[in-house]
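Student:
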Amino acid sequence: MEAENTTFPDLHIVEPQAPHTHTAIFLHGRGSNGPEVTEDLFSSKTSGGQDLPSLFPSWRWVFPSSGSRWNATFMEHQSAWFDIASLADTNRRQDLQIQGLKESSQYVLGVIEREIELLGGRSDNIIFGGLSQGMATALWTLLCSPGRVKGRIGAFVGCCGWIPFTLHIDQAIQLYRSKYASELGTSMCLIMPAFLLGTTGCPPFDSKPEEVKAVLSTPVLLLHGTDDAVVDISLGQQACQLLKEMGMDVKFYEYSRAENEGHWIKEPDGFDQIAAFLESKTS
Numbered sequence: 002m003e004a005e006n007t008t009f010p011d012l013h014i015v016e017p018q019a020p021h022t023h024t025a026i027f028l029h030g031r032g033s034n035g036p037e038v039t040e041d042l043f044s045s046k047t048s049g050g051q052d053l054p055s056l057f058p059s060w061r062w063v064f065p066s067s068g069s070r071w072n073a074t075f076m077e078h079q080s081a082w083f084d085i086a087s088l089a090d091t092n093r094r095q096d097l098q099i100q101g102l103k104e105s106s107q108y109v110l111g112v113i114e115r116e117i118e119l120l121g122g123r124s125d126n127i128i129f130g131g132l133s134q135g136m137a138t139a140l141w142t143l144l145c146s147p148g149r150v151k152g153r154i155g156a157f158v159g160c161c162g163w164i165p166f167t168l169h170i171d172q173a174i175q176l177y178r179s180k181y182a183s184e185l186g187t188s189m190c191l192i193m194p195a196f197l198l199g200t201t202g203c204p205p206f207d208s209k210p211e212e213v214k215a216v217l218s219t220p221v222l223l224l225h226g227t228d229d230a231v232v233d234i235s236l237g238q239q240a241c242q243l244l245k246e247m248g249m250d251v252k253f254y255e256y257s258r259a260e261n262e263g264h265w266i267k268e269p270d271g272f273d274q275i276a277a278f279l280e281s282k283t284s
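If you read the sequence shown in this note's numbering, its first letter stands for residue 2, the second for the next number, and so on.
#1: Shortest alpha-carbon distance to residue 1 belongs to which of 209, 146, 126?
#2: Quick one: what's got a C-beta closer than 8 Å to residue 32's C-beta in the same chain, skipping five residues either side?
#3: In or out: residue 219 buried (at least 16 other Cβ within 10 Å) or exposed?
#4: If you draw a straight line from the alpha carbon of residue 185 to that of residue 56, how long is it in whole angstroms?
#5: Are the beta-carbon atoms of residue 1 and residue 43 separated by less than 8 Å?
#6: Once you ignore the five residues that flank residue 157 on each side, which residues in its own chain have a CB closer than 8 Å to its CB?
#7: Can you tell me the Cβ-Cβ gap for residue 253 and residue 238, rounded? I've got them flagged as a contact below 8 Å.
#8: Where do the ends of the alpha helix (DSSP H) carrying residue 35 lie?
#9: What is the DSSP secondary structure of residue 79, counted as helix, strand or coil?
#10: Do residue 155 and residue 282 have their beta-carbon atoms positioned less than 8 Å apart in this structure?
#11: Determine the extent of the beta strand (DSSP E) in which residue 97 is found, giving its start and end residues.
#12: With a CB to CB cut of under 6 Å and the five nearest residues on each side skipped, what residues in its chain are close to residue 241?
#13: Measure the alpha-carbon distance for residue 175 versus residue 166 and round it to whole angstroms.
#14: For residue 112, which three-state DSSP category applies?
#15: State whether the segment 118-128 contacts the segment 92-100, with contact taken as three or more CB pairs (one from each stretch) at a distance under 8 Å.
#16: Once you ignore the five residues that flank residue 36 on each side, which residues in its own chain have a CB closer than 6 Å to its CB?
#17: Would you kindly report the start and end of the unbroken alpha helix (DSSP H) that includes residue 271?
#18: Quick one: Cα of residue 62 to Cα of residue 117, how far?
#19: Give the range of the beta strand (DSSP E) segment to which residue 255 is assigned.
#20: Quick check on the DSSP output: the beta strand (DSSP E) that includes residue 130 runs from which residue to which?
#21: Using 8 Å as the limit for Cβ to Cβ distance, is residue 262 near chain D?
#22: Have a look at residue 284 and residue 271 and give me their C-alpha separation to the nearest angstrom.
#23: Report all residues from its chain with a CB closer than 6 Å to the CB of residue 18; omit the five preceding and five following residues, and keep chain order.
#24: When you compare only the Cα positions, how much space is there between residue 266 and residue 91?
See below:
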């Protein structure tokens, strides 16, 4: 089937209960949508019995939806940020991923830019992340953002996901390791956005080195179930390692026996981790 342009549905937004100070932008997984992941996320509680909106009452919560996209493997339309041939081998048929990653990352960057404007330019008051394929899309978007996002994002939270094009990224890291062994994080920080944008056919944004370093200084929390039956934990561990090799500050939290065959955030443990991380990075 020929490539198609996806129409993105309206944003699902939960307004703050107090004067607006921060905005959280969270991307759903394949087969879901913004309203659905909002309900799942907000119905979960910490060990103290609190949900995320009550813990962060001054936050605006923005949940984009991917819309329907053709899946070449299952030969049907489904809600997805990009097409993918296999979750067991995310590097298989990577050509299928390009169109969706390009469209979705550009769309989500526009959402981030508008929310930064609402916060008076305070990019550090943006919290970004996603679940499953939403995490993959959000990480890709974050790494491509220098030049459009002019400062550091406040924090990133990713759950049960991976990084697309891991082989390409790892090959680039190995190449630069041989040339810049003692400064790998710094050198990768400068070339990675252009490298990823080029992978999907997007021209690099006009970014300055300090803008790239600012975005890549975003603190990251990744959570993944050891018994995740949908996205194997090895993919999350690989994402953690690649981000660290780019010089990023990454915390990885493992758990077991979460709902949805392990493909969700463990309650309440995982939400305790998220709450503590966000409080420490945004206070």
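Glycine residues also receive a C-beta, built at the ideal position from the N, C-alpha and C atoms.
Tutor: Quick answer:
#1: Outside the shown range of the chain (2 to 284) lies residue 1, about which nothing can therefore be said.
#2: Counting from one through the sequence shown, the residue named residue 32 turns up at place 31. Taken in chain order, the residues that qualify are 79, 80, 81.
#3: Stepping through the sequence shown from its first residue, residue 219 is reached at position 218. It is buried - the Cβ of residue 219 has at least 16 other Cβ atoms within 10 Å.
#4: If you number the sequence shown from 1, residue 185 lands on position 184. If you number the sequence shown from 1, residue 56 lands on position 55. Caution applies to residue 185, whose pLDDT of 48 falls short of 50 and renders its modelled position unreliable; the value that the coordinates give is listed next. Each residue's alpha carbon lies about 38 Å from the other.
#5: Within the shown structure, residues of the chain are numbered from 2 to 284, placing residue 1 beyond reach of any answer.
#6: Within the sequence shown, numbered from 1, the residue matching residue 157 stands at position 156. Excluding residues within five positions, the ones whose Cβ falls inside 8 Å are 128, 129, 130, 139, 140, 143, 219, 220, 221, 222.
#7: One-based indexing of the sequence shown puts residue 253 at position 252. One-based indexing of the sequence shown puts residue 238 at position 237. With 8 Å as the limit, residue 253 and residue 238 qualify as a contact, their Cβ atoms being about 7 Å apart.
#8: Taking the sequence shown and counting its residues from 1, one reaches residue 35 at position 34. Residues 35-43.
#9: Working through the sequence shown from its first residue, we reach residue 79 at position 78. Residue state, collapsed to three classes: strand.
#10: Taking the sequence shown and counting its residues from 1, one reaches residue 282 at position 281. Taking the sequence shown and counting its residues from 1, one reaches residue 155 at position 154. Taking 8 Å as the Cβ cut-off, residue 282 and residue 155 qualify as a contacting pair.
#11: What you label residue 97 is simply residue 96 of the sequence shown in a count that begins at 1. Per DSSP, residue 97 belongs to no beta strand (DSSP E) and is neither H nor E.
#12: By 1-based counting over the sequence shown, the position of residue 241 is 240. Closer than 6 Å at Cβ, skipping near neighbours: 223, 251, 253.
#13: Indexing the sequence shown from 1 puts residue 175 at position 174. Indexing the sequence shown from 1 puts residue 166 at position 165. So the two alpha carbons sit approximately 14 Å from each other.
#14: By 1-based counting over the sequence shown, the position of residue 112 is 111. Residue 112 falls in the helix class under three-state DSSP.
#15: no
#16: Taking the sequence shown and counting its residues from 1, one reaches residue 36 at position 35. The answer, listed in chain order, is 13.
#17: The residue you call residue 271 lines up with position 270 of the sequence shown. Where residue 271 is concerned, the enclosing alpha helix (DSSP H) stretches over 270-283.
#18: Numbered from 1 along the sequence shown, position 61 holds the residue referred to as residue 62. Numbered from 1 along the sequence shown, position 116 holds the residue referred to as residue 117. One C-alpha to the other measures close to 13 Å.
#19: Taking the first residue of the sequence shown as position 1, residue 255 is located at position 254. Run containing residue 255: 251-256, per the beta strand (DSSP E) assignment.
#20: Taking the first residue of the sequence shown as 1, we reach residue 130 at position 129. Segment 127-132, the beta strand (DSSP E) holding residue 130.
#21: No chain D appears in this structure, which consists of one protein chain only.
#22: Along the sequence shown, one-based indexing puts residue 284 at 283. Along the sequence shown, one-based indexing puts residue 271 at 270. Rounded to whole angstroms, residue 284 to residue 271 spans 20 Å at the Cα level.
#23: For the purposes of this step, residue 18 is taken as the residue at position 17 of the sequence shown. These residues qualify, in order along the chain: 58.
#24: For the purposes of this step, residue 266 is taken as the residue at position 265 of the sequence shown. For the purposes of this step, residue 91 is taken as the residue at position 90 of the sequence shown. Rounded to the nearest angstrom, the two C-alpha atoms are 21 Å apart.
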